Amino acid sequence: MRDAAKSKLMATSADPRLPRGESRGDGPLPLGVGCRICGSPDLHPILSLGRTPLANRFLTSEQLAEAEPRFPLDLVICPACSLVQITETVPPAHLFSHYAYFSSFSDTLLSHAEALSRRMMADHGLSNDSLVMEIASNDGYLLQYYRRAGIPVLGIEPAVNIAKVAREQRGIPTLTNFFSREMAERLASRLQRADVLHANNVLAHVADLNGVVEGIGTVLKDRGVAVVEVPYVKDLIDHLEFDTIYHEHLCYFSLTALDRLFVRNGLRVIDVERMAIHGGSLRVFVARGGRPGPRVGQMLADERAWGVSEPEFYRGFGQRVERLRGELTSLLTQLKHAGQRIAVYGASAKGSTLLNYFGIGHEFLDFVVDRNTAKQGRYTPGTHLKIFSPEKLSEDRPDYCLLLSWNFADEIL
630 MRDAAKSKLM ATSADPRLPR GESRGDGPLP LGVGCRICGS PDLHPILSLG
680 RTPLANRFLT SEQLAEAEPR FPLDLVICPA CSLVQITETV PPAHLFSHYA
730 YFSSFSDTLL SHAEALSRRM MADHGLSNDS LVMEIASNDG YLLQYYRRAG
780 IPVLGIEPAV NIAKVAREQR GIPTLTNFFS REMAERLASR LQRADVLHAN
830 NVLAHVADLN GVVEGIGTVL KDRGVAVVEV PYVKDLIDHL EFDTIYHEHL
880 CYFSLTALDR LFVRNGLRVI DVERMAIHGG SLRVFVARGG RPGPRVGQML
930 ADERAWGVSE PEFYRGFGQR VERLRGELTS LLTQLKHAGQ RIAVYGASAK
980 GSTLLNYFGI GHEFLDFVVD RNTAKQGRYT PGTHLKIFSP EKLSEDRPDY
1030 CLLLSWNFAD EIL
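Residue 1042, in my numbering, is where the sequence shown stops; the numbers in between run on with no holes.
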């Protein structure tokens, strides 16, 4: 579900100080925080999504009567290093200590992980003398493929419930903690250093970017390689993927921003690939030394050409989001007036952003289904729609289904 098709899924309930979809103006944002990479206070506004609930805080029936915490969600650009980021940092323990996202519920992610592990084993000659680490290793969805091949692995996962699944169901040695500079030093002092280190879709969640990247350098062997995957900010802007903005995602990366982050901490991006997964992602290969390959130089040049560091490139994003809000709410209104019943597929974090920012709830939607058993029986953040298993679709037969997990559209359809 991309572009025009995906536009049927988008929209706003904005900061009361601003018109919907508007930023705070064209100048620097006067915040008490600096850029998460370079510390610059010169942060320019892109979009304000107002105060929203935590996108992965799925509620029990008992919690429905409680006041739901909401936090500002404002997107800005740092011209000094090109990093797009939100300004609010919710304490990580509120977000990740108990987590509802299990990677293994997606066949697409499992296939993606298996293909990557096979490639790394072949390209780097990994053996039972090697060590593969993953930061934010979730339920062992990736490391399981190395383990099956007899290669030692170590997962680092802060969510207690998910780390338990990795250990007990997949036999993945997993440290239950947040990866940091200090943890990296402890691992290196015990001679636990990685030939390959994976960091898939975790850098966007990190407040202390420099500390974590310095830690990656500490635990890498001299000839080790880190494989880092992040959603690509140009796809977010080009394809209007505003619903990927939520409090867990502190940062939205270009290669330019990644390159500056790694160089700042003694590492080099030696190769880069663009991928379609998650609505458009970058995969970078990072090492202590070596020369950047031709794809790195070409993409950095391309980003300079489209204005990766220029606030002007990002202007108008909020107005485009607001137009999508009008399109979707108009369509849903027509369907409900015609007596149609509408269900939702995907109790996703991006779905939470969309429903809350667009103000879409019980007046339009009848129920939500999701494959993740950890979400079933709970209620969506802010909108309080009950979540069922996908079997309810065939039992209940709604007239329409709004697909919010559009990044897995092919698999779901």
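Backbone N, C-alpha and C fix where the C-beta goes; we use that ideal spot for every residue, glycine too.
In this text the structure is predicted, and so the values were computed from the model without any measurement.
With a contact defined as Cβ atoms closer than 8 angstroms, Tyr861 and Leu911 qualify at about 5 angstroms. In this structure Glu763 is not in contact with His834, their Cβ atoms being roughly 14 angstroms apart against a cut-off of 8 angstroms. Buried is the label assigned to Gly853, since at least 16 other Cβ atoms lie within 10 Å of its Cβ.
Using a Cβ distance threshold of 8 angstroms, Val705 and Pro682 do not count as a contacting pair. As the crow flies, the alpha-carbon of Ala795 is around 16 angstroms from that of Asn1001. Asn829: member of the beta strand (DSSP E) spanning Ala823 to Asn829, first to last residue. For the segment 739–825, the full-length beta strand (DSSP E) segments reaching 3 residues or more read 761–764 and 782–785 along the chain. In this structure, Leu702 is the residue among Leu702, Pro708, Cys707 and Ser711 with its C-alpha nearest to the C-alpha of Thr718.
For Asn767, the closest alpha carbon among the candidates Ile989, His753, Leu783 and Arg680 is that of Leu783. Inter-residue distance for Asn839 and Leu879 is about 14 angstroms (C-alpha atoms, whole angstroms).
Residue environment: Asn806 is assigned as exposed (fewer than 16 neighbouring CB atoms within 10 Å of its CB, all protein chains considered). Remark: C-beta atoms of Pro1019 and Asp995 do not approach each other more closely than 8 angstroms. Of all alpha-carbon atoms in Ala930, Leu961, Ser759 and Arg954, the one lying nearest the alpha-carbon of Thr885 is that of Ala930. For Ala1038, no beta strand (DSSP E) encloses it; the enclosing alpha helix (DSSP H) starts and ends at Ala1038 to Ile1041.
Given a length threshold of 3 residues, each whole run of the beta strand (DSSP E) inside the segment 902–965 is given here in chain order: 910–916.
Sixteen is the threshold: since fewer than 16 other Cβ atoms of the shown chains lie within 10 Å of the Cβ of Glu695, the residue is exposed.
Within the same chain, and ignoring the five residues on either side of Phe891 in sequence, the residues whose Cβ sits closer than 7 angstroms to its Cβ are Val842, Arg897, Val898 and Val915. Per the Cβ contact rule, the segment 815–827 is in contact with the segment 750–762 (3 or more Cβ pairs under 8 angstroms). Secondary structure note for Arg893: its alpha helix (DSSP H) is the uninterrupted segment Leu884 to Arg893. Counting along the chain, the unbroken alpha helix (DSSP H) around Asp867 starts and ends at Val862 to Asp867. 8 angstroms or more divides the Cβ of Thr737 from the Cβ of Phe942. With a beta-carbon spacing of about 6 angstroms, Phe993 and Ile971 fall inside the 8 angstroms limit used to define contacts.
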